[in-house]
Amino acid sequence: MSEHSFVWDAVQRVRTGAPLVHNITNYVVMNTTANALLAAGASPVMAHAREEVEELAGLCSSLVLNIGTLSKPWIESMFAAGRIAQSRGVPVVLDPVGAGASSLRTWTSLDLLRELNISVLRGNASEILALSGAGSRTKGVDSIHQAADAADAARELAGKFGCVVVVSGAEDLITDGSSDVLVRGGHDMMPRITGMGCTATALVAAHAAVAGSVLDGAAAGMGVMAVAGTMASRKAKGPGSFQMHFIDALYGMQSFDVEAGVEIVR
Amino acid sequence: MSEHSFVWDAVQRVRTGAPLVHNITNYVVMNTTANALLAAGASPVMAHAREEVEELAGLCSSLVLNIGTLSKPWIESMFAAGRIAQSRGVPVVLDPVGAGASSLRTWTSLDLLRELNISVLRGNASEILALSGAGSRTKGVDSIHQAADAADAARELAGKFGCVVVVSGAEDLITDGSSDVLVRGGHDMMPRITGMGCTATALVAAHAAVAGSVLDGAAAGMGVMAVAGTMASRKAKGPGSFQMHFIDALYGMQSFDVEAGVEIVR
Amino acid sequence: MSEHSFVWDAVQRVRTGAPLVHNITNYVVMNTTANALLAAGASPVMAHAREEVEELAGLCSSLVLNIGTLSKPWIESMFAAGRIAQSRGVPVVLDPVGAGASSLRTWTSLDLLRELNISVLRGNASEILALSGAGSRTKGVDSIHQAADAADAARELAGKFGCVVVVSGAEDLITDGSSDVLVRGGHDMMPRITGMGCTATALVAAHAAVAGSVLDGAAAGMGVMAVAGTMASRKAKGPGSFQMHFIDALYGMQSFDVEAGVEIVR
């Protein structure tokens, strides 16, 4: 099977399977990630109240924990939902938004990694470096490093926490500590759109829910991001129209779009 | 008066009257529903703090209670705002997002229906079935039923709580328990856009604020949704561009668009 | 230096300097203001948790305090972040969304003005009048006054609190109490898009971070709003497409766009 058919099969599997993705995510991206999941064919639910997260984590096909606008009660909900999801064997995907920019974010991410069985950790290079202890302070939530800078840190974290680590960037690295996958595609306008990283995390969760392995699911999710980014870049006049075309691309992508929009190296 | 002029009159009444719609709504849709209300000519205010909801409910022309991302303090604010709004005789519209998916959502919706004088309850078929006790568990927040499946449940709830019930779907049902209105229009891409149901609820509230009766206001709101959906579907290439054209359509719709974009059956 | 090159220089300074703008802002606009800041070349961080706001305010180039969806814990975070930012000498910009519509909003705005060293206060005419004590109640969060109506109130507030006051409207007034700057441009569709005022506040903060003076920064921010609004108005078919073209314009504006898109009067 070529790598393009690997991504195209994954696209069809999400469209057919419509996995229920439970998101405990930040206020900034709730709308755009829900739209990305719906456009890709998944069924998102956004819920964070302590009173209901366990019930919804008990129904979902995968769980997203995104710390982008963190506060104490949400941390408690993340642990509660995470424990239910992992006990059911469904993937738990962590997005450590802004790790390195504040102690709250760095330490909450590490606590979640230590106390839950996180399936996938997806961050930008600065966040992954911060969590490995190798990074200096990040500047806010935007990466000041390239994905390649964080390759060693990613492999180390994958080994330490027994998870797949995704470092997104111009070229994405997906590693389980021993095997690496590289995903090339997308466009350099993507970091100028808020929540593109969070959307990647949500798509990784949707694909991990229906994939044969967590590594394959994570690679497929990043592959779909790259394809939609490549498609959007052909029509966009700026980040506003990029965001719109990106959602349309997730909804409409066909096998030939996948073939033209991403390169995958194992 | 034809049914088209009924909808067109309603459109003009909102544009002229600019009703102040107070929304206690979920994080996912705050931006898109505020934009839909502004595009339609209404004046939205989004406020949920216990300290100010009574003051704002004391000014508004209608009130939206939407439980899409519920938590305990917001429930208290919903009751407080609801009591003020109903004492002033302005319409209170409830959107039971995800009722059936968690006990918190099901029971909060039923508590609000029992303890307040809700004017309109608007949900998808799965939510309405869950509230009538006839439904099995829903899958997250997306409906797995057609509106027609929930017709009996809707009429029963309308009678029990003395309110108008709207079941939205490919064909919308609006009922006060004895009279039914059917609204046909829109496009099957709408469920792939997050918050379209919440937007319907907000437009129902805007129209209920300026209509001759709650039933007429609810039907007009759903009619406007259908017209804007039909208009957007002619230009959209996917759910991203659909959302944009939908807002443009609310802003620009003319009488001939109404005539071509919706069918109403009483 | 002509006033156009003044605005164009400011655009380039934000693109080059990429100032980190810390936003404690409302749920409705978090996504759209983050996107506006990114499109303009700034680096936004949205964070409100008491546990981390001081750390982030310790890194930022400017701070936005926006009371659009206020609640008690956020007020505490606003004071904590504000104290750090002012001690570091970075601009603190206050957006009193809905001041006059509820006591919570009016009094919180006045408390922030009294107890912090606010650099810029940006509101619509109704909000500025409400804070000066000259205004009657506003209608929700939309202005029912023109900027010119609030000119005296703005100058008085600027003098009283030692800050720059921006009254946005069809023509924007920027005043430090003794000198006035008028900014003309944009389009009358802008009040039909939620969060345009909040975006203005965020752009003022980005420009104040890199400007020679707070007055110049505020004028540049409003100038950039006007240019992007003028550019978007040429392509928009309604408020949905306006928002998209507006973000694209922030990203792509060139010196000739600035020349054609704004008039500045000192």
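Chains X, C and F, in that order, give the protein sequences.
Just so we're aligned, residue 46 is where the first sequence starts under my numbering, counting upward by one.
Just so we're aligned, residue 46 is where the second sequence starts under my numbering, counting upward by one.
Just so we're aligned, residue 46 is where the third sequence starts under my numbering, counting upward by one.
Yeah, the Cβ is synthetic: ideal placement off N, Cα and C, and Gly gets one too.
The structure displayed is predicted, hence computed values, not measured ones.
(request) Could you run through the region 296-310 of chain F and flag, in chain order, every residue whose CB is less than 7 angstroms away from some CB of chain X? (result) Those residues of the region 296-310 of chain F that come within reach of chain X (Cβ to Cβ, closer than 7 angstroms) are Tyr296 and Gly297.
(request) Alpha carbon to alpha carbon, how far is Glu172/F from Gly113/F? Give it in angstroms, no decimals. (result) In the third sequence, residue 113/F corresponds to position 68, counting from 1. In the third sequence, residue 172/F corresponds to position 127, counting from 1. Looking at the two C-alpha atoms, the distance is approximately 12 angstroms.
(request) Mark Ser47/C as exposed unless 16 or more other C-beta atoms lie within 10 angstroms of its C-beta, in which case mark it buried. (result) Along the second sequence, one-based indexing puts residue 47/C at 2. Classification for Ser47/C: exposed.
(message) Let me confirm a value: Arg58/X is counted as buried when at least 16 other C-beta atoms fall within 10 Å, else exposed. Which label applies?
(response) Counting from one through the first sequence, the residue named residue 58/X turns up at place 13. Answer is buried; the Cβ neighbour count reaches 16.
(request) For Arg200/C, count neighbouring Cβ atoms within 10 angstroms of its own Cβ and tell me buried if that reaches 16, exposed if not. (result) The residue given as residue 200/C occupies position 155 in the second sequence. So Arg200/C counts as buried.
(request) Return the first residue and the last residue of the beta strand (DSSP E) that His67/F is part of. (result) Here residue 67/F refers to the residue found at position 22 when the third sequence is read from its first residue. Start and end: Leu65 to Ile69.
(request) Verify whether the separation of the beta carbon atoms of Leu166/C and Leu139/C is less than 8 angstroms. (result) What you label residue 166/C is simply residue 121 of the second sequence in a count that begins at 1. What you label residue 139/C is simply residue 94 of the second sequence in a count that begins at 1. In this structure, Leu166/C sits near Leu139/C, with a CB-CB distance shorter than 8 angstroms.
(request) Give the interface partners of Pro284/X over in chain F, defined as CB-CB distance under 8 angstroms, in chain order. (result) By 1-based counting over the first sequence, the position of residue 284/X is 239. Within chain F, the residues Asn80, Leu83, Ala84, Ile292, Asp293 and Tyr296 have their CB atoms less than 8 angstroms from the CB of Pro284/X, given in chain order.
(message) Report the CB separation of Asn71/F from Val142/F in whole angstroms; it is logged as a contact under 8 angstroms.
(response) What you label residue 71/F is simply residue 26 of the third sequence in a count that begins at 1. What you label residue 142/F is simply residue 97 of the third sequence in a count that begins at 1. Going by Cβ atoms, the distance from Asn71/F to Val142/F rounds to 6 angstroms, so yes, they are a contact pair.
(message) Which residue wins for smallest C-alpha separation from Ile69/X, given the options Gly145/X, Gly127/X and Ala192/X?
(response) Within the first sequence, residue 69/X is the residue found at index 24, counting from 1. Answer by Cα proximity: Gly127/X.
(message) Measuring alpha carbon to alpha carbon, tell me which residue in Asp225/C, Gly283/C and Met289/C is nearest Ala281/F.
(response) The residue you call residue 281/F lines up with position 236 of the third sequence. Nearest option by C-alpha distance: Met289/C.
(message) Less than 8 angstroms between the beta carbons of Ala215/F and Asp194/F, yes or no?
(response) Walking along the third sequence from the start, residue 215/F turns up at place 170. Walking along the third sequence from the start, residue 194/F turns up at place 149. Their beta carbons are not under 8 angstroms apart, which means Ala215/F does not touch Asp194/F by this criterion.
(message) Looking at the secondary structure, which residues open and close the alpha helix (DSSP H) in which Ile129/F lies?
(response) Here the question's residue 129/F lines up with position 84 in the third sequence. DSSP places Ile129/F in the uninterrupted alpha helix (DSSP H) bounded by Lys117 to Ser132.
(message) Looking at the secondary structure, which residues open and close the beta strand (DSSP E) in which Asp140/F lies?
(response) For this step, residue 140/F is matched to residue 95 along the third sequence. That run of the beta strand (DSSP E) goes Val137 to Asp140.
(request) Please decide whether Asn68/C counts as near chain X, where near means a Cβ-Cβ distance under 8 angstroms. (result) Indexing the second sequence from 1 puts residue 68/C at position 23. Judged by the 8 angstroms Cβ criterion, Asn68/C is not in contact with chain X.
(message) Tell me which residues share the same chain as Pro236/X and place their Cβ nearer than 7 angstroms to its Cβ, disregarding the 5 neighbours each side in the sequence.
(response) Here the question's residue 236/X lines up with position 191 in the first sequence. Once the five neighbours on either side are set aside, the close Cβ partners of Pro236/X are Asp187.
(request) Please state if the CB of Ala92/C and the CB of Pro64/C are separated by a distance shorter than 8 angstroms. (result) Your numbering for residue 64/C matches position 19 in the second sequence. Your numbering for residue 92/C matches position 47 in the second sequence. Going by C-beta atoms, Pro64/C is not nearer than 8 angstroms to Ala92/C.
(request) Would you mind stating whether Gly297/X and Gly283/C have Cβ atoms separated by less than 8 angstroms? (result) In the first sequence, the residue the question calls residue 297/X occupies position 252. In the second sequence, the residue the question calls residue 283/C occupies position 238. It is a contact, given that the beta carbons lie within the stated cut-off.
(request) Tell me where the beta strand (DSSP E) around Gly230/C begins and ends. (result) Taking the second sequence and counting its residues from 1, the one referred to as residue 230/C is at position 185. Unbroken beta strand (DSSP E) run through Gly230/C: Asp225 to Gly230.
(message) Give me the residue from Ser213/X, Leu174/X and Thr153/X with the minimum Cα distance to Ala264/X.
(response) Along the first sequence, read from residue 1 onward, the residue named residue 264/X stands at position 219. Comparing alpha carbon positions, the residue from Ser213/X, Leu174/X and Thr153/X closest to Ala264/X is Ser213/X.
(request) For Ser258/F, name the three-state secondary structure that DSSP assigns. (result) Looking up residue 258/F in the third sequence gives position 213. Correct three-state label for Ser258/F: coil.
(request) Taking only the alpha-carbon atoms, compute the straight-line gap between Leu157/C and Asn111/C and give it to the nearest angstrom. (result) Within the second sequence, residue 157/C is the residue found at index 112, counting from 1. Within the second sequence, residue 111/C is the residue found at index 66, counting from 1. So the two alpha carbons sit approximately 11 angstroms from each other.
(message) Between Thr239/X, Ser148/X, Ala198/X and Leu227/X, which has its C-alpha nearest Val307/X's C-alpha?
(response) Locating residue 307/X in the first sequence gives position 262, counting from the first residue. The candidate whose alpha carbon is nearest that of Val307/X is Leu227/X.
(message) Can you tell me whether Thr61/F is buried or exposed? The criterion is at least 16 other CB atoms within 10 Å of its CB, across all chains shown.
(response) Your numbering for residue 61/F matches position 16 in the third sequence. Classification of Thr61/F: exposed, given that the 10 Å Cβ count is below 16.
(request) From the DSSP output, read off the bridge partner residues of Leu218/F. (result) Counting from one through the third sequence, the residue named residue 218/F turns up at place 173. In DSSP, Leu218/F forms a bridge with Val212/F and Leu227/F.
(message) Alpha carbons only, please: which of Asn162/C, Val137/C, Ala192/C and Asp261/C is nearest the one belonging to Gly204/C?
(response) As a working mapping, residue 204/C is identified with position 159 in the second sequence. Minimum Cα distance to Gly204/C is reached at Asn162/C.
(message) Is Leu176/C close to chain X? Criterion is C-beta to C-beta, closer than 8 angstroms.
(response) For the purposes of this step, residue 176/C is taken as residue 131 along the second sequence, with counting starting at 1. No, its Cβ sits nowhere closer than 8 angstroms to a Cβ of chain X.
(message) Less than 8 angstroms between the C-beta atoms of Phe124/F and Glu160/F, yes or no?
(response) For this step, residue 124/F is matched to residue 79 along the third sequence. For this step, residue 160/F is matched to residue 115 along the third sequence. Using a Cβ distance threshold of 8 angstroms, Phe124/F and Glu160/F count as a contacting pair.
(request) Check whether the Cβ atoms of Gly185/F and Val90/C lie closer than 8 angstroms to each other. (result) Your numbering for residue 185/F matches position 140 in the third sequence. Your numbering for residue 90/C matches position 45 in the second sequence. Taking 8 angstroms as the Cβ cut-off, Gly185/F and Val90/C qualify as a contacting pair.
(message) With the cut-off set at 8 angstroms, would you say Val52/X and Gly268/X are in Cβ contact?
(response) In the first sequence, residue 52/X corresponds to position 7, counting from 1. In the first sequence, residue 268/X corresponds to position 223, counting from 1. Between Val52/X and Gly268/X, the CB-CB gap stays under 8 angstroms.
(message) Quick check: what's the CA-CA separation for Ile189/C versus Cys105/F?
(response) Taking the second sequence and counting its residues from 1, the one referred to as residue 189/C is at position 144. Taking the third sequence and counting its residues from 1, the one referred to as residue 105/F is at position 60. Note on geometry: alpha-carbon atoms of Ile189/C and Cys105/F lie some 47 angstroms from one another.
(message) Within the continuous alpha helix (DSSP H) that includes Met292/F, where are the two ends?
(response) By 1-based counting over the third sequence, the position of residue 292/F is 247. The residue you asked about is not Met; residue 292/F is Ile in the sequence shown. Start and end: Pro284 to Gly297.
(request) Could you please tell me which residues of the region 219-247 of chain X, in chain order, have their CB closer than 9 angstroms to any CB of chain F? (result) Answer in chain order: Met234, Pro236, Arg237, Ile238, Thr239 and Gly240.
(message) Can you list, in chain order, the residues of its chain with a C-beta nearer than 7 angstroms to that of Arg95/C? Leave out the 5 residues immediately preceding and following it.
(response) The residue you call residue 95/C lines up with position 50 of the second sequence. The answer, listed in chain order, is Pro118, Glu121, Ser122 and Ala125.
(message) Going by DSSP in three states, Val56/X sits in which element: helix, strand or coil?
(response) Position 11 of the first sequence holds residue 56/X. In the three-state reduction of the DSSP assignment, Val56/X falls in the helix class, which pools H, G and I.
(message) Quick check on the DSSP output: the alpha helix (DSSP H) that includes Ile173/C runs from which residue to which?
(response) Indexing the second sequence from 1 puts residue 173/C at position 128. Element bounds for Ile173/C: Ala170 to Ser177.
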